Each structure stands twice: as structure tokens, then as C-alpha cells.
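For any residue, its number in the numbering used here is found by taking its place in the sequence shown, counting from 1, and adding 232.
Ideal Cβ placement from N, Cα and C applies to all residues, glycine included.
Fair warning: this is a prediction, and the values are worked out from it, not measured in the lab.
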Amino acid sequence: MPPSPVKKSSASAHVSHSHHDIDTMMFSMPEPASNSNLSDHGNETQPMEDPPAEEASEESEWETDSDDDEIALPTEGKKRKRRTRGDRPFLYFIPKIGVFVEEMLRLEGLDCLTGSQLMCSSPECRCALESGSGYRCVDCSSTVLYCKSCTVQNHGRVPLHRLQRWTGTHFERAMLKELGLQIQLGHPLGTRCHVPEPADNNTFTIIDSDGIHVVNLNFCGCLGAVTRVQQLLRHRLFPSTTIHPRSAATFCVLETFQMLSFTSRVSGYEFMRALERRTDNTGCLKIPKCYASWMRMVREYRHIRLLKRRGRGHDPAGIQNTAPGECAVLCPACPYPDLNLPPDWEMQPDSKQWLYSLFIGMDANFRLRRKNVSSEEFDPSLNAGSAYIVEETKFKGYLQEYDKKLPDEKSDCNNHDAIKSASIRGGKGSAASGMGSAQCSRHDMKRPLGVGDLQKGERYVNMDYFLLSTLNFHPPRRLVLSYDICCQYHKNLRTRCTCYPPNAFTKDPPMKTTYAIPKFHLPAHIEACQTRFSLNWLPRVGRTDFGDHNSNKITNMAKTFKDRSTEAINKRLELVSAFLTFTKALPSSSLEEWTAAPKGSNVLNPFENSGVTALKETSVRLQLAEEDKQVIARGDEDVVHVDVSPSMMIWQGIEIEEQQRKLKIDTEELGMHSTDLQRAKVLERGNSILRKIEAWVSIQHLYIPRLATLRKTDEETAELAAPPAAYDIPLYLPSSVTHLKGVHKRFMRFEDRYRKAQASSTLQDLRSALLLKAYMKRSKRLYSHGQKQQTRSNALLKSIEARIGEIADKYRYIRQCLERLSMPLKTADWQVSFQPLNPDDIQMLTRDEEDNKSEKEKRSEGHRKLTWIWMVQGVMPDDEKSEVVQTALHSEWCKSRARAHRWQEECLLLAEEMRRVRLFFQWEIKQWEDRASRVAHGDFIPKELTNVLPQLMYEVRRQDVIYIDAGRSAYAARQIAIRERMLGHMTAEWKGLEYSLENVDTAMEGFVADVFVEYE
233 MPPSPVKKSS
243 ASAHVSHSHH
253 DIDTMMFSMP
263 EPASNSNLSD
273 HGNETQPMED
283 PPAEEASEES
293 EWETDSDDDE
303 IALPTEGKKR
313 KRRTRGDRPF
323 LYFIPKIGVF
333 VEEMLRLEGL
343 DCLTGSQLMC
353 SSPECRCALE
363 SGSGYRCVDC
373 SSTVLYCKSC
383 TVQNHGRVPL
393 HRLQRWTGTH
403 FERAMLKELG
413 LQIQLGHPLG
423 TRCHVPEPAD
433 NNTFTIIDSD
443 GIHVVNLNFC
453 GCLGAVTRVQ
463 QLLRHRLFPS
473 TTIHPRSAAT
483 FCVLETFQML
493 SFTSRVSGYE
503 FMRALERRTD
513 NTGCLKIPKC
523 YASWMRMVRE
533 YRHIRLLKRR
543 GRGHDPAGIQ
553 NTAPGECAVL
563 CPACPYPDLN
573 LPPDWEMQPD
583 SKQWLYSLFI
593 GMDANFRLRR
603 KNVSSEEFDP
613 SLNAGSAYIV
623 EETKFKGYLQ
633 EYDKKLPDEK
643 SDCNNHDAIK
653 SASIRGGKGS
663 AASGMGSAQC
673 SRHDMKRPLG
683 VGDLQKGERY
693 VNMDYFLLST
703 LNFHPPRRLV
713 LSYDICCQYH
723 KNLRTRCTCY
733 PPNAFTKDPP
743 MKTTYAIPKF
753 HLPAHIEACQ
763 TRFSLNWLPR
773 VGRTDFGDHN
783 SNKITNMAKT
793 FKDRSTEAIN
803 KRLELVSAFL
813 TFTKALPSSS
823 LEEWTAAPKG
833 SNVLNPFENS
843 GVTALKETSV
853 RLQLAEEDKQ
863 VIARGDEDVV
873 HVDVSPSMMI
883 WQGIEIEEQQ
893 RKLKIDTEEL
903 GMHSTDLQRA
913 KVLERGNSIL
923 RKIEAWVSIQ
933 HLYIPRLATL
943 RKTDEETAEL
953 AAPPAAYDIP
963 LYLPSSVTHL
973 KGVHKRFMRF
983 EDRYRKAQAS
993 STLQDLRSAL
1003 LLKAYMKRSK
1013 RLYSHGQKQQ
1023 TRSNALLKSI
1033 EARIGEIADK
1043 YRYIRQCLER
1053 LSMPLKTADW
1063 QVSFQPLNPD
1073 DIQMLTRDEE
1083 DNKSEKEKRS
1093 EGHRKLTWIW
1103 MVQGVMPDDE
1113 KSEVVQTALH
1123 SEWCKSRARA
1133 HRWQEECLLL
1143 AEEMRRVRLF
1153 FQWEIKQWED
1163 RASRVAHGDF
1173 IPKELTNVLP
1183 QLMYEVRRQD
1193 VIYIDAGRSA
1203 YAARQIAIRE
1213 RMLGHMTAEW
1223 KGLEYSLENV
1233 DTAMEGFVAD
1243 VFVEYE
């Protein structure tokens, strides 16, 4: 399977042609007061990670099986878990380090008393061993010595073990080849070959997991012997060539490298270097150079395993009958008609049809650039369009015909990299600038024939081919297509498809398509695209986010679907309850007006709040970018950095500062009882911010060199202190160093403009949060009766209050920055719009919802004047039904409704996908049963011939096929057993989940599962 073509991946360039304790004394130890008490045991061990709590507890049960002493821990308040010795393994390992060292040294010497006569340890031999004639095996469990003859006899079945010879003073390396061990192919062990054929120069190289071995190897030359390639394969050795093999690799090392390359991303070169050093780490031994043949064997071996696992060896027509894309591993949860969909799925009403939608995400990866270093003649494709990458000949013919016919389209959105790079080649000497992909995005599975080369960047003509090619496999009736530039890509997609050969978009009836932009890419688009193509607001997509969730492919689907279902059930309860509570608090007249509003592309998008608008940072960024363009055109500024202008540098710093603020909030919310996953996610975000700061600081120092000296001074001052957290690292933006010489005022002006826009949008966020709080409080008073409803309402209000506090703190910080910038810039006009924010200023539109006022006081303030935060854009009427308030509430209600809908859709979609996965495995079991039946019926036995010589050849071939058929039957039975075991595991893991996904909490009044899903 090829690497996942997702941007910012670290995949390399592709080839287009994928115990017991020693001391059992009982003692007690109080728990350390803090983790810092353990940090003095050595800084070098701190980067090592302990296993998760669940794994540690399981391990401790094994390690302390005979040692159940419990450590007394002080308890304060509630009862705390009693700990055992296994919970602090390093504390008990440190006193035993000396024992480990001594035992390791003991293995370097003889296993007998010094000065005694050395004897062969074989009971049948017991001959005396002279100096240099005693051998022991490093890979065998025994450490005793054997004579030369016994050593060879013991290793007839394990000829690749490593030996050591006792010289009289120490052990040195020895080889079984030097002792005369011969590997005989073509005969069972112990059977003599009458016509042995030694390998060239009586030397054969075998690559194994523990090193590179040079051995004595004989092929069989007897009458009727199979080819040398077949003899090696039957000995579980993969030959380096089919012509005259002089080297081979064991199946074990090929399987090991395949797993390492998938999980640890180890390259073939690094793995071969490790094997060479494993063979000899001194540089004194001449090791055969096997890298080129090794990479060839790896590629061939993986192709053979691909054909084997996809059942191509069970086709009587042979592997040459492989259909395009047939070797691809299909996603079990995706919809396939006549495979894992209900028999009557086409007859289901429109309200159900969305459950059978196919989700495809498109993207390109320009790290997968391929150099033009070979040709099809010298480096032919093995798959040739039978798996994931499109067939090259057909693809090139398509490009030759349609490349010039489709004109480039101009974007009316932002200047995206995908559009800018559409006409950019990969550079001199490049055959491909990258790879494009169309894949299943709900489950992160590559689709058949959905990947191919990009010659001139991310052009529509290439991406169209990948999309249409993969849609040829079980074309759906409904498609949810996600692409980072989908706002532009979708416009003329159907028009372009009419120019191509018949495809999924031109068939009758037409395929219904929903277009979306991945959530990660949305901030780079204009506001209209962010609301129109957001997966948060689009109906019938569930909680699909494209690219953020990886299901770890098929083997982890049981756990993945279980975790996602549990999350969806909990989130549905939370979000639907919030929406219903919000709805009850709104006037019925408004609800009737909003629900009766027309739908369609020509009406106003309800998710766009057209009420009080705020100056946005993106608008300021665009203005400054236009100014930078004019400055560069005039030549008034020297270019310091090619890609980052001064204004962009300041904007990037403010963006990083905002990420630091959010990280600090999330870190403080973790608490003592946070899970390992929660802590890991926060830590990963911190690491990402650290890398961004490092890259940004290097650019900042180019524009403001004085800050490099300041940072160095601060680092020297804090050298002995603990390193600061990612959210506490100072960025030294102009507002924090206004007193410093060397900070040009233009940088201060850039930040001043950004801060004003930031303050404006922050006040808008504060007003929206206060509107939501007001109606939540009204709902609590009118509709929340009983402990359960009161608890839910209080939890919602608490979260809103926390959000308001965070926004207020952010505004106050922004205003402090503006105050510091106003002195050197001599500006004060902003103080009218951005006044100091006091606690009394953070009030809702009316005081009707405040609990500390009597009914009389509330009624007497019906026409009170609002606080300044509501009048930044002008005095607004206090009428609840004013246009501004109604528009804001309408937008917030639509978003709350959409969130509830998406989680309900996710529940229903997960239940359907779980059914599809089970049906898919049942279908695969049936496929392997059919393959096994073909073997049992003798479909592979050749037809008997009449001539004498062909008759003899037929008998030989027939006998050979019988053995091969035995392997075919066994392999099919094993594949059936594997899928039955996985199916049983999934059924057990998902027990009861489908019912919970399709049925909702009865306490949620007004909620009907089938009706609640939004559809046209």
C-alpha cells in the first residue's frame, strides 16, 4: 500500500513503477510528595516513557506475582489505591544494577572452573577440547561448549546461527561455513543428494534478521529437480534474481523489515546498514554489498504477498487475469452495492438514502516527488494498475488527449497553494512533482486506482482522473466529496466530466454530490466558503472531518468503532440537550419564522451572522499584504526574507500567541484525574507550538536583530531554572519591547492594526457568549425542573461562564498591548471604541435573567441604557426583537441545531457502518470459501495428454500441483479462520452499541431519531 498522500507527511519519495525480585524483603515506602522528588535520579532517563497506567498495572501483576507486598500510602479524605512494588520499578532496579552488570560479565567467560579440562558438552561425545576447538552458539539458549563435529551436527536445522570460538583467553567470532557446514537444497535434512551443485565459488550470501551470512550451499542436480529459484523458495529463501541467484533473503527478515517500515518508517538503506553492523561492528570483516539486491527483493516480495493475500493464486486463469484495482484492500465500512448494503437499499426513502453515501477526500502530497532516473524498460511496474496507483499507460494517454483541452480556472477565493502550484513543474530532472489521491476519508483507507502522479502541480485534469478512476468501483448514488480547494474545484466539475469518457458523473440517474472543505483548511478560505462548505454545518455528513481521524486500517476497526460510538453517544446527549434547552428559551414566533424559512443556494446563509460586524484580523492582513505589494513594486524596501514580509511576521507571532493562550487554558483544565490520552494531546500541541516558535524566532531575528541579544541574555539568566512551558515562552512582540532600541516603529504600527482588529472580533465573541448565556438562564428558570434538568442546566451555564471569562481576559490583554503601543505611536483614537472592561460592563442585553434582582426592580429597568460593549458600533435599541439581536440569535440557533444534527447523524451513520463491516467480512469469508471449493474440485489439475513425453511431463506437473493445492486449501482455510475470528471479536466488542446509537435518551423530549436528521 502506498504512503498516505496527505500534506506535511514525512514519507519518502515513492517509486511509481508502497521476574521475580531477587530480594523479597518486605518494607514500606510513602509516596513521594511530588514528581520532582524523582527527577534527581538522572536526567538521562527522563526522556524515556513509562507504559500507560493500564499496561503498568498488568505488567506489575506478572513481575510481582510472588511478591504481593503492598506499600502503605497515606490517605486523606477518600480512599486511595494501594500500590505494589511493580508500580515503581525503577526504584527497585537501581539497587540491582550491579547484579545485572556482573551477570552480563559472567556470560563473557567459560561456564566452568578455570584450569579444568574442557570437554564437549554432548553426552554422546564428551571429547577433550583443545585451545581453539571449543564452540558455543550465541543464538541457542545453552552457553556450554561443543566440539567442531557436534556443533555442525546440532546446527543442521539452524544453519544461520552465530558462533563463538574459545581461544583460551576469550571468545571470538566463528562461522559455520568455516566448520564445514553444508546447506543442501532439494532434499529433506539428513538425506543425501547424489548430484549436488555448489553455488558459484562455493559461496552463497543469505540476509537474515541478525546479520548477513556467507554459507556453503548446494543446489540439487538430480533428475527431475526443480529450478534453483524454486529450491530456494521451498527453503524459505527469497532469491535476489531469477537467472543465476548468488544471494537470497530469508522470509523472516523480509517480514521483519516490512513491519518496521510500516510502523517505524525505517528505510531500506538504514535497515541494511543495521544488518551490516550487526554482522561486524568493528569494520575488520569484509561484508558483501547487498543493498541493490536487497531493495529489489523487498519490492518483489511485497508484490508476491499482495497477490497471495488478495487470492490471485486461487484463480485458475492465473495472476495475468488480475482485473484493475483487484489487489487493493477495500474499506469494509464503505458502501458497496451487492456486497454490504441491504437488499432493498435502493427502495429506501430520501430520508434514509444519505446513510449509503460514499465519503471521498482528495488531496496532494508534493513530498512524493519522483526523479526521472529510470524507464519502464529497466524499472517496469509490477502492479500495473492492479492496486492503488493508476495504470501508467492509460493515464498518460488520457493526459495527452485532455491536458490542453481544459483551460485553467481563475479562483474567486483566497490565493490557495493548490491553485498556484497547478502549473508548476517538479523541477529539473523530475518525472513527477508529487502524487494526488482520492481516498475514503471517514476510515482513512486508500481506494482502488485512486492515486497517481502529478506532472505540473495540483491540476484539475489530474485530480479528475483519480476521482473518476476510483469511482468506477461500485459507483455510489450519493457522494460527499472533500477537497481543500473544493469551493473552486466543484464549479465546473460536471462540465469537465462531460468532456471525458462515460463516468460516474454522467450516468443516469445522476449522482447526488455534497461538496465540502476539510476543517483543517477552512481558515484559509473567505468567510462565505467557511460557512457554505463547513462539515459542521453541511447536512447528512455526521461528524466527518476528513484527515484528522485514522482508523488504523482494518485490524483496529473493532476498537476504533467502539471508541467512536461511545464518543458519539455521549456527545449526542450533550449537544442535543443543549439545543433543546436553547430552543425552549426562544420565543415561539421566532422559531416558527426560522423553521419556515426557505432553503436553497439563493437564500441568505443562516450561519453567517449579518448583525453587528467586527473588524477581522484577516481583513487587516489583506490590507497590509496589499501595502507590502506596493512597497515591493516601488523598491522602497530591501528583501530580508523571500516568503515572509514584516507584516506577515507580526501576524504569525500574534497567531502563535493565541495558540499559547488556548494551550494554557487547556493545560489548566486537565486536572488530577485527566486521562493519558488527554495529557498526550495537550503535550503534542505544546511540542507543535515549540517547533513553530523556533521557526518563527529565526525570521523575527532577521527583521529585529536586537532581540537575539535579548533572548540570549534571558537564557543565560534562566539557565539554572527549569525550561518554561510552551505557553510561557515570551515572543517579544513589539508591544512588549517598546522601550528597546532597534525596534522600528513600522513593526509597532503593524501590531497596532492587528490588535485593533483582534479587540473588535473579541468583543463580538463576548457579545455572542452573553446572548447565549441570557437565553440559557431563561430556559433554566422556565423549563428546568427536577435535579437532572437542573444539573444539566448548571453545567451548561458553568461552561458558558468560563468561556466569557476567557474572552474577557483576552480582551484585557489586547487592550494592554494597545496601551503600550500608543505611547511611541502617539495614538489615542482607539480608546473610544475599546474602553477598559470592568466586571460591571460584562452584562447581558437585559437584566431579566439576573437572579439578584427582584421582579419589581427588573420591570422598572425596561428601558435602561446598555453597557458600552453593546454600543461600540452605535447605540442599539433595547428591543429583544431588534434586527441585530434576532439575526445573532438566529445564527446561534442554527449552529446549535447543526451541531446536534451532526452528532445524531454520526450515531446513525456509525450504526450503519458497523453493519456494513460485518457484512463485508461475511462476503470475504464467502469469497475464500469459493476459492477453496475450486481447489477441491480440481480446477488447477492440468488436463492429461496422450503422447509419451508429454504424459511424463503431465505426471510431474500433476504431482507438483497436488502439493500446491494442499497449500492453497490450507491458506484459504487460514484466511477464513482469521476473518471469522475478527468478525467474532467485532461482534463481541460492539454488543449493544448499535441499539444505543439508533435509540436516544428518553429524557430528551421532542427528539425523534429518524426525523431529527436534517435532509432536503
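When secondary structure is reduced to three states using DSSP, Phe494 falls in the helix class. Here Ala664 is not near Arg599, since their CB atoms are 8 Å or more apart. Here the stretch 576 to 584 makes no contact with the stretch 1153 to 1170; the two share fewer than three CB pairs at distances below 8 Å. Nearest to Arg1035 by C-alpha distance, out of Ile897, Arg358 and Thr738, is Ile897. Here Arg917 has Leu895 as same chain residues with Cβ atoms under 6 Å from its own Cβ, once five neighbours each way along the sequence are excluded.
Ranked by how close their Cα comes to the Cα of Val1149, the residues Pro574, Arg542, Ala360 and Asn450 have Pro574 in first place. For Gly364, the closest of Thr401, Val333 and Cys559 by C-alpha to C-alpha distance is Thr401.
Under the 8 Å Cβ criterion, the stretch 974 to 987 counts as touching the stretch 1052 to 1065, having at least three qualifying pairs. Taking a cut-off of 8 Å on C-beta distances, the stretch 794 to 803 does not touch the stretch 814 to 823, as fewer than three cross pairs fall below it. Around the beta carbon of Phe403, a 10 Å sphere encloses 16 or more other beta carbons of the protein chains shown; the residue is thus reported as buried.
Assignment of Val447 by DSSP, reduced to helix, strand and coil, places it in the strand class.
Under the three-state reduction of DSSP output, Gly1216 falls in the helix class. Sixteen is the threshold: since fewer than 16 other Cβ atoms of the shown chains lie within 10 Å of the Cβ of Ala360, the residue is exposed. Nearest neighbour of Leu939 by Cα position, chosen from Pro956, Ala958 and Leu963, turns out to be Leu963. In the displayed model, Thr482 falls within a strand according to three-state DSSP. Sequence-distant partners of Pro878 (beyond 5 residues in either direction) whose C-beta falls short of 7 Å from its own C-beta, in its chain, are Tyr935, Arg978, Phe979 and Phe982. Remark: three or more beta-carbon pairs, one from each stretch, lie closer than 8 Å, so the stretch 1195 to 1213 and the stretch 1142 to 1157 are flagged as touching. Contact check for Tyr620 and Ala560: beta-carbon distance about 6 Å, within the 8 Å limit, so the pair qualifies.
A buried status is given to Glu508, since no fewer than 16 other beta-carbon atoms sit within 10 Å of its beta-carbon. Nearest to Gln932 by alpha-carbon distance, out of Cys369, Thr899 and Gly974, is Gly974. For Met789, the uninterrupted alpha helix (DSSP H) run begins and ends at Met789 to Lys816, by DSSP. Between Cys719 and Leu713, the alpha-carbon positions lie close to 11 Å from each other. Put simply, the stretch 379 to 398 touches the stretch 406 to 414. At least three CB pairs are less than 8 Å apart.
The shortest CA-to-CA distance from Phe483 to any of Trp526, Glu502 and Thr474 is the one to Trp526. Here DSSP, grouped into helix, strand and coil, assigns Tyr732 to coil.
Met677 sits away from Cys522, with the two beta carbons spaced by 8 Å or more.
Beta-bridge partners assigned by DSSP to Met667: Asn597 and Asp685. By the Cβ criterion, the stretch 450 to 466 is not in contact with the stretch 494 to 514, since fewer than three pairs of Cβ atoms, one from each stretch, lie closer than 8 Å.
With respect to Phe451, Gly418 sits close: the two C-beta atoms are nearer than 8 Å. Shortest Cα-Cα distance from Leu1121 to any of Met1008, Gln1075 and Thr514 involves Met1008. If you look at Arg368, you'll find it isn't in any alpha helix (DSSP H); it sits in the beta strand (DSSP E) that goes Gly366 to Cys369. For Ala360, the secondary structure class from DSSP, reduced to helix, strand or coil, is strand. A distance of 8 Å or more separates the beta carbons of Arg772 and Met743.
Residue nearest to Gln1048 within the set Leu1028, Glu1038 and Leu1069 is Leu1069 (criterion: CA-CA distance). In terms of Cα proximity to Phe591, the closest of Lys380, Leu703 and Ser606 is Leu703. Here DSSP, grouped into helix, strand and coil, assigns Tyr964 to coil.
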